[in-house]
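Listed in order, the protein sequences are those of chains L and X. Number 36 in my numbering belongs to position 36 of the first sequence; there are no gaps in the numbering. Number 1075 in my numbering belongs to position 75 of the second sequence; there are no gaps in the numbering. Backbone N, C-alpha and C define an ideal beta-carbon position, used for all residues, glycine too. Since the structure is predicted, the reported quantities are computational estimates derived from the model, not experimental observations. The structure under discussion appears below in the form of structure tokens.
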Amino acid sequence: AQSVTQLGSHVSVSEGALVLLRCNYSSSVPPYLFWYVQYPNQGLQLLLKYTSAATLVKGINGFEAEFKKSETSFHLTKPSAHMSDAAEYFCAVSWNSGNTPLVFGKGTRLSVIA
Amino acid sequence: DAGVIQSPRHEVTEMGQEVTLRCKPISGHDYLFWYRQTMMRGLELLIYFNNNVPIDDSGMPEDRFSAKMPNASFSTLKIQPSEPRDSAVYFCASSFGTTSESSGANVLTFGAGSRLTVL
């Protein structure tokens, strides 16, 4: 079965440090890839999406992600963490250009230490 | 648009009771999804609709769960009878369907969720 794996259920970084959240997917078919963020007691919000136009995708709040087909990865990065980035981050994948439902990873909780 | 509206935000009930969760999708969106979020299993797709028609309900845990979408602006997820293991946050999401390569797969807009606790 096709799946999405997020390495590390909890990542802790210092304010101002690099943020790296890892996502790998299982498929030989080029997927559509997404990162969503969930703040406490809220629904998920779209951070960015990859749709084959460019391998490096820029999203909101200074986040970006790079699609690496050879590594089947779509890791999320931000050069400098801010306290407001503390949240849960979900990688999601769809394997068709149509509206097949997204498959979500289990999420990574990001903590930012002052 | 007010976004995807879910009610109730919180529900506490006793085992055996019927629970109904409601969702109003974004106007004009033709896809609606119900997800369940738990610590153990993460986000699981329960069922999704296209133009009010259920497309895939293979994620519905068992016959105690049912979902309907009587019109484009309303959907319900019902659990009868409820059990403690049903305790979770239930999310509704909607999207505007497209097969355009420039936009790729649909982008989901989520509601704030309904937190269900079954005692």
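About 7 Å separates the beta carbons of residue 1093(X) and residue 1111(X), which is inside the 8 Å limit, making them a contact pair. Take the alpha-carbon of residue 1058(X) and the one of residue 1044(X): they are about 11 Å apart. Per the C-alpha coordinates, the member of 1077(X), 1020(X), 1010(X), 1030(X) positioned closest to residue 1109(X) is 1030(X). Between residue 107(L) and residue 23(L), the C-beta spacing is not below 8 Å. Annotation: Cβ neighbours of residue 1107(X) in chain L (cutoff 8 Å, chain order): 34, 46, 49. Against residue 101(L), the close residues of chain X are 1033, 1045, 1048, 1056, in the order they occur along the chain (beta-carbon pairs closer than 8 Å). Using a Cβ-Cβ cut-off of 7 Å, residue 106(L) is close to 1042 of chain X, given in chain order. Short of 7 Å from the beta carbon of residue 46(L), and not among the five residues preceding or following it, lie these beta carbons of its own chain, in chain order: 34, 36. With its beta carbon less than 8 Å from one in chain L, residue 1113(X) belongs to the interface. A direct Cα-to-Cα measurement between residue 1032(X) and residue 17(L) gives close to 38 Å. Excluding its 5 nearest sequence neighbours in each direction, residue 1055(X) has C-beta neighbours in its own chain below 6 Å: 1048, listed in chain order. Under the three-pair Cβ rule at 8 Å, the segment 86-96 of chain L does not count as touching the segment 1077-1084 of chain X.
Here residue 1052(X) has 1069, 1071, 1072 as same chain residues with Cβ atoms under 7 Å from its own Cβ, once five neighbours each way along the sequence are excluded. Proximity of chain L to residue 1065(X) at the Cβ level (cut-off 9 Å) is not reached, the minimal Cβ distance being about 17 Å. With a threshold of 8 Å between beta carbons, residue 63(L) makes no contact with chain X. In the structure shown, the three-state DSSP call for residue 106(L) is coil.
Here residue 62(L) carries a helix assignment [DSSP, helix/strand/coil].
When CB distances to chain X are screened at a threshold of 8 Å, not a single residue of the segment 67-79 of chain L falls below it.
At a cut-off of 8 Å between C-beta atoms, residue 59(L) does not count as an interface residue with respect to chain X. DSSP, reduced to helix, strand and coil, places residue 26(L) outside both helices and strands of the structure shown, so it counts as coil.
Taking C-alpha positions only, residue 43(L) is separated from residue 1003(X) by approximately 11 Å. Under the DSSP definition of a beta bridge, residue 50(L) partners with 33(L).
Residue contact with chain X for residue 42(L): present (Cβ-Cβ distance below 8 Å to some residue of chain X).
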